Each structure stands twice: as structure tokens, then as C-alpha cells.
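Order-wise, the sequence lines are chains A and X. Reminder that position 171 of the first sequence reads as 516 in the working numbering, one-by-one numbering, no gaps. Reminder that position 150 of the second sequence reads as 495 in the working numbering, one-by-one numbering, no gaps.
Number of protein chains: 2
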Amino acid sequence: MDRRSYRMTRRARTQDDTRQRIIHATMQLHDEQGVAATSFVDVAKRAGIGAATVYRHFPTVDSLVMACGAHVWKEMDPPVPARAAAMFEGIDKREDRLRRLVEELDSFYRRSSLRLARASADRHLVRQLDEFMGAVEQGVEALVREAVKDQALPNPVFQLLIALTDFPVWTSMQRIGGDERERQGLLAGLLGIGGDERERQGLLAGLLGWVVSDEPKQSRGSLQPVIGQAAQR
Amino acid sequence: MDRRSYRMTRRARTQDDTRQRIIHATMQLHDEQGVAATSFVDVAKRAGIGAATVYRHFPTVDSLVMACGAHVWKEMDPPVPARAAAMFEGIDKREDRLRRLVEELDSFYRRSSLRLARASADRHLVRQLDEFMGAVEQGVEALVREAVKDQALPNPVFQLLIALTDFPVWTSMQRIGGDERERQGLLAGLLGIGGDERERQGLLAGLLGWVVSDEPKQSRGSLQPVIGQAAQR
DNA sequence: ATTTCCGTGGAAATATAATTCCGCTAATAT
DNA sequence: ATATTAGCGGAATTATATTTCCACGGAAAT
Numbered sequence: 346m347d348r349r350s351y352r353m354t355r356r357a358r359t360q361d362d363t364r365q366r367i368i369h370a371t372m373q374l375h376d377e378q379g380v381a382a383t384s385f386v387d388v389a390k391r392a393g394i395g396a397a398t399v400y401r402h403f404p405t406v407d408s409l410v411m412a413c414g415a416h417v418w419k420e421m422d423p424p425v426p427a428r429a430a431a432m433f434e435g436i437d438k439r440e441d442r443l444r445r446l447v448e449e450l451d452s453f454y455r456r457s458s459l460r461l462a463r464a465s466a467d468r469h470l471v472r473q474l475d476e477f478m479g480a481v482e483q484g485v486e487a488l489v490r491e492a493v494k495d496q497a498l499p500n501p502v503f504q505l506l507i508a509l510t511d512f513p514v515w516t517s518m519q520r521i522g523g524d525e526r527e528r529q530g531l532l533a534g535l536l537g538i539g540g541d542e543r544e545r546q547g548l549l550a551g552l553l554g555w556v557v558s559d560e561p562k563q564s565r566g567s568l569q570p571v572i573g574q575a576a577q578r
Numbered sequence: 346m347d348r349r350s351y352r353m354t355r356r357a358r359t360q361d362d363t364r365q366r367i368i369h370a371t372m373q374l375h376d377e378q379g380v381a382a383t384s385f386v387d388v389a390k391r392a393g394i395g396a397a398t399v400y401r402h403f404p405t406v407d408s409l410v411m412a413c414g415a416h417v418w419k420e421m422d423p424p425v426p427a428r429a430a431a432m433f434e435g436i437d438k439r440e441d442r443l444r445r446l447v448e449e450l451d452s453f454y455r456r457s458s459l460r461l462a463r464a465s466a467d468r469h470l471v472r473q474l475d476e477f478m479g480a481v482e483q484g485v486e487a488l489v490r491e492a493v494k495d496q497a498l499p500n501p502v503f504q505l506l507i508a509l510t511d512f513p514v515w516t517s518m519q520r521i522g523g524d525e526r527e528r529q530g531l532l533a534g535l536l537g538i539g540g541d542e543r544e545r546q547g548l549l550a551g552l553l554g555w556v557v558s559d560e561p562k563q564s565r566g567s568l569q570p571v572i573g574q575a576a577q578r
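Below, the structure is given as C-alpha cells:
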């Protein structure tokens with residue numbers, strides 16, 4: 346009795362269906378109660394199948410989380426370094442590039458806020474989530490870098506931009522309220538502070554230069570020389 | 346046979362010693378592996394005593410976490426609303442008050458960063474941690490409010506200040522590196538943007554006003570009218 | 001001294017989540 | 001039709017964390 350060859354047509358379909366149900370149930374639960382808090386039994390119950398079946402499809406937690414991760418990544422469509430340049434296609438003016446950057450980031454964070462929050466919450470418990478967030482951060486950084494690529498910013502200024510554009514900061518800023526336009530304008534304003542042309546440096550760039558250099562440049566004694574100077578002149 | 350009266354002098358001391366050992370071991374483990382990840386058995390092992398003894402001293406997880414919380418609170422000595430005013434005693438100039446605020450916050454966040462991070466990480470799992478962080482946030486908010494109390498900031502600006510002074514934002518800014526003085530100067534600069542006197546509003550206040558109002562005030566078309574205008578005039 | 005009291009901790013009991021076993025059934029090939 | 005294969009899932013098993021029990025021994029009172 347040698348092994349028969351199996352093609353599995355109809356069967357394969359129901360099997361694949363089960364797999365999709367599992368993934369769907371898992372994502373649902375991850376959204377509702379968090380990633381780390383979701384057990385295999387929970388998933389099975391939600392999907393309306395046996396726990397053993399979940400194990401058949403996904404022998405390890407890793408494989409399940411990864412399968413979900415792929416789906417989620419696709420759904421949230423985060424910025425990736427490869428497409429960063431294309432996002433600013435034909436946009437030359439500094440302000441317009443900044444505006445574009447903020448638009449892109451705000452809409453990304455907004456449409457992904459729940460899942461980014463869930464991933465952030467458990468990234469120290471689940472390796473995949475940490476990698477996931479790492480990839481997101483890389484994409485955002487690439488976007489920022491592309492937005493200011495012809496400005497030759499000093500590294501600390503660039504790092505500040507990165508810091509001000511990350512997800513935790515966006516989350517904190519949500520408390521301000523307001524609609525999409527207000528939020529974006531506000532963030533764009535904050536970022537716009539950082540570095541204009543080289544000769545008349547942007548406000549923050551100037552400020553940073555003052556702060557980093559050992560001695561105040563002009564108005565010693567004042568705590569915000571550049572800003573103060575810009576505002577009263 | 347009626348109950349004897351017990352005074353417990355020597356005994357009370359060793360018992361109290363055990364209690365302190367438990368608390369010490371718990372804080373150690375919370376620092377090392379996080380709050381939620383630390384079990385009663387872990388604590389017992391670290392303290393070199395039996396698990397049952399831990400239960401005798403702290404019947405519930407809550408009681409143990411609270412005892413540790415009290416210690417931690419004392420050690421980190423966070424800003425509290427009651428002492429907020431005293432922190433600015435005799436400091437009148439706007440810039441000096443801001444500088445004081447940043448000094449206070451940065452040094453607080455720096456000396457408490459590990460534990461604030463641990464508390465933040467698990468605040469969604471452990472009620473006490475959430476309350477703890479809530480109290481910290483209240484203290485910080487009181488400090489900020491006190492720092493700008495005579496400026497009559499529009500609420501959105503104030504909210505922005507709160508957002509920019511919270512722990513997640515501070516954490517993100519750590520990536521910039523630099524020493525204490527640089528960091529503080531940078532943050533002070535960022536905050537200083539927000540709201541000067543009413544008549545010549547601070548840059549950010551102006552920006553916000555522009556963003557919030559429906560139509561651009563002066564230089565329509567430009568994305569950062571206030572900053573642009575301030576910088577080039 | 002001796003009786004009473006109580007903190008201690010090893011061990012057992014309990015709870016819950018993770019994983020595997022195995023018989024059932026439906027799909028497939030001949 | 002019938003033998004064969006493979007997905008399925010209830011139930012059993014294992015693993016781990018939580019909680020309780022109780023005998024022991026040293027401290028406190030008389």
C-alpha cells in the first residue's frame with residue numbers, strides 16, 4: 346500500500362478558510378484586549394473551533410503573530426524607506442515638503458493608532474511586535490530624512506525632528522484635540538521651526554546652535570536669544 | 346484560658362525586618378524585569394524566604410504593589426500640586442520660570458526614568474501603576490500650570506505645553522543625546538515658543554491662532570505665517 | 001520553667017494557560 | 001463502492017503560577 350497522491354481541491358479551500366478565520370479572530374482579539382493578553386484558547390473560542398486546530402495551523406505563537414503581523418502591515422500600509430522618495434515627487438519648496446510630511450504622518454498615525462498603541466504596549470513582551478515597531482520607526486525616519494534631505498541639518502536637529510515625529514509624541518499631542526487640519530498645522534509649525542536655509546538658520550536650529558555651543562551668541566542673559574531676537578526684530 | 350496580652354518587642358523587630366526584605370526584593374525585581382512579570386514566588390526566592398511568608402505580610406498583590414509604590418514615590422519625590430507654587434518662589438520673569446520648570450522636570454524624569462518606564466509599560470495591566478502615573482501626570486501638570494500662571498494662555502496652547510512636557514515626549518527626546526544643559530536648553534526653547542505677552546503673542550501661540558482660526562491672517566499661502574514673518578522682519 | 005502565642009516555610013491544593021492525543025468524519029483516489 | 005488520507009476538536013496531559021494548610025520552633029508571658 347503505497348501513498349496515494351492527493352490533490353486536495355475542495356478540501357484545501359475549507360482548510361484555507363479555517364486559517365483565515367483564525368487570523369481574523371486573532372486580529373480582532375489583539376485589537377480588543379491586546380496582543381500579550383490573547384491566548385490560543387481565546388482565539389479558538391472566538392473563531393468557533395477547537396484549540397487543537399489552531400495549533401495545527403500555527404504550531405507556535407510566533408507563527409501566528411507573524412501571520413497576523415503580515416495582515417496588519419498590509420492594512421496599515423506604513424511608510425517604507427523604498428517609497429519615501431516617491432512621496433515627495435515634484436515637491437520642492439521646503440514648506441510644502443514639510444506639509445506633505447506632516448500630512449502623511451498624521452494620517453498614518455491616525456488610521457493606525459489603535460494597533461500602534463497595542464504594539465507599543467507589548468513590544469517588550471513579544472519580539473515580533475518590537476521588530477514591527479522598529480520597522481515602522483525606520484519608515485518614519487526615512488520619510489523625515491527625505492522631507493529635509495536638501496537642508497543639511499546638523500545631526501542633533503535631525504534627531505529632534507525624529508523625536509518630534511514619533512508615535513509616542515503624536516499620541517501625547519492628541520490631548521490637544523482639534524480637527525485634522527489644526528493638528529497637522531500645529532505639528533508642521535513645530536517642525537518648521539527646525540532649520541531653514543543655512544544663512545538665516547531656522548529658529549530651532551539657531552536655538553540649538555546656541556544651546557550646544559558653549560557661550561551665548563548675542564543676547565546673553567536671555568534664555569531664548571534666537572527666538573527673542575526673531576520675535577522683536 | 347483567656348488570651349494573654351502580647352507586646353512583642355524583639356519579635357516585632359524581626360518581623361518588620363522580613364517585611365522590609367520583601368519590599369526591597371520586590372522593588373529590585375520590578376526594576377529588573379518589570380512589575381507585571383514579577384510573581385510572588387520570584388519575590389520569595391529573591392528575599393530568601395518562603396512564598397507563604399510573603400502572603401502573610403501581603404495578602405493581595407495590591408497590598409504589595411501599594412507598599413512598594415509608597416517607597417518608590419518617596420524615593421523619586423515627584424512634583425506634587427501642593428508644592429508646585431513653592432518651586433517658583435520668588436521667580437518672576439517668564440524665562441526664568443520656564444527655565445525652572447524645565448530644570449525641575451528634566452531632573453525628575455532623569456532620576457526616575459527607569460521606574461517611570463516600568464510603570465508606563467504595565468500601567469494598562471496593574472491598576473495601581475495607572476493611578477501612580479496619573480498622579481505623576483497631575484503633579485507635572487500643576488508644575489506647568491504654575492510656571493505659566495500669569496500668562497493667560499489659550500487652552501490649546503496650554504494643552505500643547507502639557508503634551509510636550511510629559512514623560513513619553515521626554516523619553517523620545519532622549520535620543521538626541523547631549524548633556525543635561527543641552528537637553529534642558531532645547532526643551533526650554535521648545536516650550537518658550539508657546540505664548541509670550543498677549544499683545545505680541547509668542548510664536549507658537551500665534552501659529553496656533555492661525556491654525557485654529559479658519560483663515561490665514563496675513564501671509565496667506567505660506568504655511569508658517571507667524572514664524573516666517575517673525576524671522577524675516 | 002512552662003504554657004501560650006504566632007511568624008515561618010515546606011508541601012499540598014487549586015487555578016489557569018499551553019500542549020498533545022486520538023477517535024471521528026468528510027474528502028479523495030481507485 | 002470502498003479503502004485511504006488528513007483536517008478537526010473534545011478530552012486528557014503537562015506546565016506554571018496562585019493560594020492555602022499545617023506542623024514546627026522560637027519568642028513572650030506568667
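From the three backbone atoms N, C-alpha and C, an ideal C-beta is built for every residue, glycine too. All of these numbers come straight from a predicted model, not from anything done at the bench.
(message) Assuming the contact rule is C-beta atoms closer than 8 Å, M478 (chain A) and C413 (chain A) should be a hit. Round their C-beta distance to whole Å, please.
(response) That pair is no contact at about 15 Å.
(message) Tell me which residues of the region 467-478 of chain A have at least one Cβ-Cβ distance to chain X shorter than 7 Å, keeping chain order.
(response) H469
(request) Would you mind reading off the limits of the alpha helix (DSSP H) that contains V471 (chain X)? (result) Careful: V471 (chain X) lies outside any alpha helix (DSSP H) and carries neither H nor E.
(request) Flag this pair as yes or no: are the beta carbons of A392 (chain X) and R366 (chain X) separated by less than 7 Å? (result) Yes; because the gap between Cβ atoms is below 7 Å, this pair is in contact.
(message) I need the DSSP call for E491 (chain A), collapsed to helix, strand or coil.
(response) helix
(request) In angstroms with no decimal places, state the Cα-to-Cα distance between Q483 (chain X) and A508 (chain A). (result) 24 Å
(request) Output yes or no for whether 7 Å exceeds the beta carbon distance between A533 (chain A) and L450 (chain A). (result) For the pair A533 (chain A) and L450 (chain A), the CB atoms are not nearer than the 7 Å cut-off.
(request) Keeping to the same chain, check which residues put their C-beta closer than 7 Å to that of D467 (chain A); ignore five residues upstream and five downstream. (result) G379, V380, A381, L474
(message) Going by beta-carbon coordinates alone, are L488 (chain A) and P424 (chain A) separated by less than 7 Å?
(response) yes
(request) Return helix, strand or coil for G479 (chain A), following the three-state DSSP convention. (result) The DSSP-derived three-state label of G479 (chain A) is helix.
(request) Please list, in chain order, all residues of the same chain as L461 (chain X) whose beta carbon is under 6 Å from its beta carbon, the five residues on each side excluded. (result) F512
(request) Take S558 (chain A) and list the residues in its own chain whose beta-carbon comes closer than 8 Å to its own, dropping the five residues that flank it on each side. (result) Confidence in S558 (chain A) is poor, its pLDDT being 34 and thus under 50, which makes the residue's placement unreliable; the coordinate value appears in the next sentence. Closer than 8 Å at the Cβ level, and outside the excluded window around S558 (chain A), lies no residue.
(request) With 9 Å as the limit, tell me which residues of the region 412-437 of chain X have their beta carbon closer than that to any beta carbon of chain A; keep them in chain order. (result) none
(message) Assuming the contact rule is C-beta atoms closer than 8 Å, D376 (chain A) and R463 (chain A) should be a hit. Round their C-beta distance to whole Å, please.
(response) 7 Å
(request) Give a yes or no on whether the C-beta atoms belonging to Q504 (chain A) and R472 (chain X) are separated by under 7 Å. (result) Not a contact, by the Cβ cut-off of 7 Å.
(request) Measure the Cβ-Cβ separation of V388 (chain X) and A415 (chain X) and say whether it is below 7 Å. (result) no
(message) Judging by CA-CA distance, which residue of X:A497, X:P501, X:L446 is the nearest neighbour of V485 (chain X)?
(response) Nearest to V485 (chain X) by C-alpha distance, out of X:A497, X:P501, X:L446, is X:L446.
(request) Could you name the residues of chain X that I394 (chain A) contacts, counting a contact when the two beta carbons are closer than 9 Å? (result) Ordered by position in chain X, no residue passes the 9 Å Cβ test against I394 (chain A), which lies about 28 Å from the chain.
(request) Assign Y454 (chain A) to one of two classes, buried (16 or more other C-beta atoms within 10 Å of its C-beta) or exposed (fewer than that). (result) buried
(message) In this structure, how does DSSP classify Q546 (chain A) when only helix, strand and coil are distinguished?
(response) In this prediction, Q546 (chain A) scores a pLDDT of 32, lower than 50, which makes its location untrustworthy; the coordinate-derived value is nonetheless stated afterwards. DSSP places Q546 (chain A) in coil when its eight states are reduced to three.
(request) Please check if any C-beta of chain X sits within less than 7 Å of the C-beta of I521 (chain A). (result) yes
(request) Compute the Euclidean distance between the alpha carbons of S384 (chain A) and M421 (chain X), then round it to the nearest angstrom. (result) 36 Å
(request) Answer yes or no: does any C-beta atom of chain A fall closer than 7 Å to that of A501 (chain X)? (result) According to the sequence as given, residue 501 (chain X) is Pro; it is not Ala. Output row for P501 (chain X): interface = yes.
(message) According to DSSP, is E434 (chain X) part of a helix, a strand, or is it coil?
(response) coil
(message) Check this for me: beta carbons of A429 (chain A) and E491 (chain A), under 7 Å apart or not?
(response) yes
(request) Output, in chain order, the set of chain X residues within a Cβ distance shorter than 8 Å of D511 (chain A). (result) Within 8 Å Cβ-Cβ: S517.
(request) Evaluate S517 (chain A) with the Cβ neighbour count: other Cβ atoms within 10 Å of its Cβ, from every protein chain shown; 16 or more gives buried, anything less gives exposed. (result) The residue in question, S517 (chain A), is buried, as its Cβ has 16 or more Cβ neighbours within 10 Å.
(request) Have a look at X:R364, X:K390, X:V386, X:D437 and flag the residue whose alpha-carbon is nearest the alpha-carbon of H402 (chain X). (result) X:R364
(request) Classify G414 (chain X) as helix, strand or coil using the three-state DSSP reduction. (result) helix
(request) Can you tell me the Cβ-Cβ gap for V493 (chain A) and L506 (chain A), rounded? I've got them flagged as a contact below 8 Å. (result) Here V493 (chain A) really is in contact with L506 (chain A); their C-beta atoms are around 7 Å apart, less than 8 Å.
(request) Assign G379 (chain X) to one of three DSSP states: helix, strand, or coil. (result) If DSSP states are grouped into helix, strand and coil, G379 (chain X) belongs with coil.
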